[in-house]
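Just so we're aligned: 266 in the UniProt record's numbering is position 266 of the sequence shown, and the numbers increase by one with no gaps anywhere.
Backbone N, C-alpha and C define an ideal beta-carbon position, used for all residues, glycine too.
Let me begin by presenting the structure, written as structure tokens, before commenting on it.
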Amino acid sequence: MTGRLTSKTALITGAARGIGRAQALRFAQEGADIIAIDVCGPIESVNVPHSTPDDLAETAHLVEQAGGRIVTDIVDVRDADALRVAVDRGVEQFGALDIVCATAGITSRGAAVELADASWRTMVDVNLTGVWNTCTAAVPHLINRGAGSVVLISSIAGLRGLVGVAHYTAAKHGVVGLMRSLAHDLAPHNVRVNCVHPTNVDTPLIQNDSVRSGFRPDLDRPVTRDEFAAAATPMNMLAIPWVHPVDVANASLFLASDEARYITAITLPVDAGSTQR
1 MTGRLTSKTA
11 LITGAARGIG
21 RAQALRFAQE
31 GADIIAIDVC
41 GPIESVNVPH
51 STPDDLAETA
61 HLVEQAGGRI
71 VTDIVDVRDA
81 DALRVAVDRG
91 VEQFGALDIV
101 CATAGITSRG
111 AAVELADASW
121 RTMVDVNLTG
131 VWNTCTAAVP
141 HLINRGAGSV
151 VLISSIAGLR
161 GLVGVAHYTA
171 AKHGVVGLMR
181 SLAHDLAPHN
191 VRVNCVHPTN
201 VDTPLIQNDS
211 VRSGFRPDLD
221 RPVTRDEFAA
231 AATPMNMLAI
241 PWVHPVDVAN
251 ASLFLASDEA
261 RYITAITLPV
271 DAGSTQR
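The following block contains the structure:
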């Protein structure tokens, strides 16, 4: 532990697994207390495997193994009232809030003009309104403290268009607009706001039949991990199919830390060059 976040408290949504879990662990390794929130259940219109209470418990176990303190809560980020209660409860336990990571998100596929209304609404409700709800629940604590860092997890789809995910792309572009406006609004309070934009990340959100098949529509059988990797690699400038959760967590850690004390309103790609192809 090098203590880059010593005496700080971080709120992380989507903390049960994937990027959120990696953020919780890296931040704890650097001295932060963690408020970890996840829905831990199914989301309508989403076919990929969902997180579970056991996943969130494992995140807590890993943080505690690293010597960190953590409180967890099972909350849907679409439920603004429940989210506010959970955030307030965590802040009461640790005494303050310094960092907000709005990481919770979903994915699904469908041609733009063929998407079901429910798929569009659910995507925007979770991936954009859920980020807004997280900020409205947490940012007042940063304002009261007179400092803080907000990290919004967007995607390469927040910087470019992608095939078959118009609803996802629209929501992730919306996150960028929200970030830029929040950065202006919160600068007088010494609160910084930035976005991180990963390419594919090796998490359960992509390592499933639903997402893999979208990369190999020519196959009428389950796509193997190796086949998926071969199809995904050309998306990136570097010869890799995906980054790892810790890569996104490390970028988030930098933006959350005092090393980035004068950085606000940026879009930081962790994308192996994908947005430059």
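How many Å lie between residue 189 and residue 96 at the Cα?
16 Å
Taking DSSP's pairing of strands, which residues face residue 210 in a bridge?
According to DSSP, residue 210 bridges with nothing at all.
Given a cut-off of 8 Å on the beta-carbon distance, is the pair residue 40 and residue 59 in contact?
no
Using the Cβ count rule (16 or more neighbours within 10 Å means buried), how would you classify residue 262?
With fewer than 16 Cβ atoms within 10 Å of its Cβ, residue 262 is classed as exposed.
Check each candidate in 47, 48 and 273 and name the one with the smallest Cα separation from residue 239.
273
Compute the Euclidean distance between the alpha carbons of residue 44 and residue 75, then round it to the nearest angstrom.
15 Å
Output needed for residue 123: all residues of its chain with C-beta closer than 7 Å, excluding positions within five of it in sequence on either side, in chain order.
106, 108, 167, 168 and 171
Quick check: the Cα distance between residue 16 and residue 113, rounded to an integer number of angstroms?
33 Å
Hey, out of 38, 18 and 269, whose CA is closest to residue 158's CA?
269
Please determine, among 185, 191 and 233, the residue with the shortest C-alpha to C-alpha distance to residue 258.
191
Three or more C-beta pairs closer than 8 Å, one from the segment 231 to 249 and one from the segment 77 to 84: is that the case here?
no
Could you tell me how far apart the beta carbons of residue 200 and residue 232 are, in whole angstroms, since I believe they sit closer than 8 Å?
6 Å
Based on Cα-Cα distance, which residue from 2, 187, 248 and 253 lies nearest to residue 264?
187
With burial defined as no fewer than 16 other Cβ atoms inside 10 Å of the residue's Cβ, what is the status of residue 89: buried or exposed?
With fewer than 16 other beta carbons inside 10 angstroms of its own, residue 89 counts as exposed.
Comparing C-alpha positions only, which one of 204, 267, 218 and 164 sits nearest to residue 194?
267
Compare the C-alpha of residue 104 against each of 198, 38, 246 and 227 and name the closest.
Closest by alpha carbon: 38.
Buried or exposed for residue 29, please, with buried defined as at least 16 other CB atoms from any protein chain shown within 10 angstroms of its CB.
buried
With DSSP as the reference, label residue 50 as helix, strand or coil.
coil
Specify, as a first and last residue, the run of the alpha helix (DSSP H) that residue 253 falls within.
245 to 256
Given that a residue counts as buried once 16 or more other Cβ atoms are within 10 Å of its Cβ, and exposed if not, what is residue 222?
exposed
In terms of residues, what are the limits of the beta strand (DSSP E) holding residue 36?
33 to 38
Work out the CA separation of residue 68 and residue 21 for me, nearest whole Å.
13 Å
How would you call residue 225, buried or exposed, if buried means at least 16 neighbouring beta carbons within 10 angstroms?
Under this definition residue 225 is an exposed residue.
For the alpha helix (DSSP H) containing residue 107, name the first residue and the last one.
Taken as a continuous stretch (DSSP letters only), residue 107 belongs to no alpha helix (DSSP H), as it is neither H nor E.
Whole-angstrom Cβ separation of residue 70 and residue 77, contact assumed at under 8 Å?
At roughly 18 Å, the Cβ-Cβ gap does not stay under 8 Å, so residue 70 and residue 77 are not in contact.
Whole angstroms is fine: what's the gap from residue 279's alpha carbon to residue 245's?
Because the chain here runs from 1 to 277, residue 279 falls outside it and cannot be looked at.
Of all the options 56, 148 and 118, which has the alpha carbon lying nearest to the alpha carbon of residue 255?
148
Counting only runs that start and end within the segment 85 to 167, where is the beta strand (DSSP E) found for 3 or more residues in a row?
99 to 102 and 148 to 153
So, for residue 73: in the same chain, excluding its five sequence neighbours on each side, which residues have a beta-carbon less than 8 Å away from its beta-carbon?
35, 36, 37, 86, 89 and 90
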